[in-house]
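Peer 1: Using this note's numbering, read the sequence shown as starting at 112 and increasing by one per residue.
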Amino acid sequence: MVLVSLTSIIPHIVLFILIVFHFAKGLGVNYDVVKPDSQESTFLYYSFRISQIFGTIAVVIVSCVTLALLGILLDHFKKQRELNERRSRVLRILKGIPFGRLIFQEGLDCPICLMTFEKEDQVVQLQCHNLHVFHQSCIKDSVEHGKPICPLCRVAIGSEQ
Numbered sequence: 112m113v114l115v116s117l118t119s120i121i122p123h124i125v126l127f128i129l130i131v132f133h134f135a136k137g138l139g140v141n142y143d144v145v146k147p148d149s150q151e152s153t154f155l156y157y158s159f160r161i162s163q164i165f166g167t168i169a170v171v172i173v174s175c176v177t178l179a180l181l182g183i184l185l186d187h188f189k190k191q192r193e194l195n196e197r198r199s200r201v202l203r204i205l206k207g208i209p210f211g212r213l214i215f216q217e218g219l220d221c222p223i224c225l226m227t228f229e230k231e232d233q234v235v236q237l238q239c240h241n242l243h244v245f246h247q248s249c250i251k252d253s254v255e256h257g258k259p260i261c262p263l264c265r266v267a268i269g270s271e272q
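Below, the structure is given as structure tokens:
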């Protein structure tokens, strides 16, 4: 996922570098323009200088914004990768057992799908509380599509086991 996103950003970065290079090259070529004597040429001279100043400021601002956005994107991809690693670690930890092996009161329901547990259902009992029991498929779906936390008490699943 990170590799695909970075490869799509690279052409934009190269294009941006080329634009900055050509802009800087233009500043160097036109830097030695001498102020003319006539009034008409003075207007053109100052308008050219003002354009150079505003152009330089625009390039600096765009550069700063681009670098900031690149930093934000890289941070987002890093956090997403860490979350995916944590999810896969939690999914390996969750082991289902038949509901009949657990001793509970009658009528215990899965808090996620709200269906009553049957004896042949595969369930997962989380360590955060002895009554936090879920269908194995329900808790795995919850972890895969959300954060790896207990749906009832919001404790991180991997931390208590």
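Glycine included, C-beta positions come from ideal geometry on N, C-alpha and C.
Assuming Val-234 and Val-244 are in contact, meaning their beta carbons sit under 8 Å apart, how far apart are those beta carbons, in whole angstroms?
Peer 2: Position 123 of the sequence shown, counted from the start, is the residue given in the question as residue 234. Position 133 of the sequence shown, counted from the start, is the residue given in the question as residue 244. Val-234 to Val-244, Cβ: 5 Å. Contact.
Peer 1: What is the C-beta distance between Gly-207 and Gln-247, in whole angstroms, given that I count them as a contact (C-beta under 8 Å)?
Peer 2: On the sequence shown, position 96 is the one that residue 207 refers to. On the sequence shown, position 136 is the one that residue 247 refers to. Contact holds; Cβ gap of about 3 Å.
Peer 1: Please determine, among Phe-188, Leu-185, Leu-181, Pro-222, the residue with the shortest C-alpha to C-alpha distance to Ile-124.
Peer 2: In the sequence shown, residue 124 corresponds to position 13, counting from 1. Nearest C-alpha to Ile-124: Leu-181.
Peer 1: Considering only C-alpha positions, which residue in the set Cys-249, Leu-194, Asn-195, Ile-204 is nearest to Asp-220?
Peer 2: Mapped onto the sequence shown, residue 220 falls at position 109. Measuring from the Cα of Asp-220, the nearest candidate turns out to be Cys-249.
Peer 1: Have a look at Ser-199, Leu-225, Lys-230 and flag the residue whose alpha-carbon is nearest the alpha-carbon of Ile-260.
Peer 2: Translated into the one-based positions of the sequence shown, residue 260 becomes position 149. The option with the nearest alpha carbon to Ile-260 is Ser-199.
Peer 1: In this structure, how does DSSP classify Val-266 when only helix, strand and coil are distinguished?
Peer 2: Taking the sequence shown and counting its residues from 1, one reaches residue 266 at position 155. In this structure, Val-266 counts as coil in the three-state DSSP scheme.
Peer 1: For Pro-259, name the three-state secondary structure that DSSP assigns.
Peer 2: By one-based count along the sequence shown, residue 259 stands at place 148. Residue state, collapsed to three classes: coil.
Peer 1: Indicate whether Val-131 and Ser-174 have their beta-carbon atoms separated by less than 8 Å.
Peer 2: To locate residue 131, count along the sequence shown from 1; it is residue 20. To locate residue 174, count along the sequence shown from 1; it is residue 63. Yes, the Cβ-Cβ distance between Val-131 and Ser-174 is below 8 Å.
Peer 1: What are the residues that DSSP puts in a beta bridge with Thr-227?
Peer 2: One-based indexing of the sequence shown puts residue 227 at position 116. DSSP output for Thr-227 lists Asp-220 as bridge partner(s).
Peer 1: Output the boundary residues of the beta strand (DSSP E) element that contains Gln-233.
Peer 2: For the purposes of this step, residue 233 is taken as the residue at position 122 of the sequence shown. Where Gln-233 is concerned, the enclosing beta strand (DSSP E) stretches over 233-236.
Peer 1: Rounded to the nearest angstrom, what separates Met-112 and Ala-179 at their Cα positions?
Peer 2: Here residue 112 refers to the residue found at position 1 when the sequence shown is read from its first residue. Here residue 179 refers to the residue found at position 68 when the sequence shown is read from its first residue. Reliability fails at Met-112, whose pLDDT of 44 lies under 50, so the model's placement of it is uncertain and no value is given.
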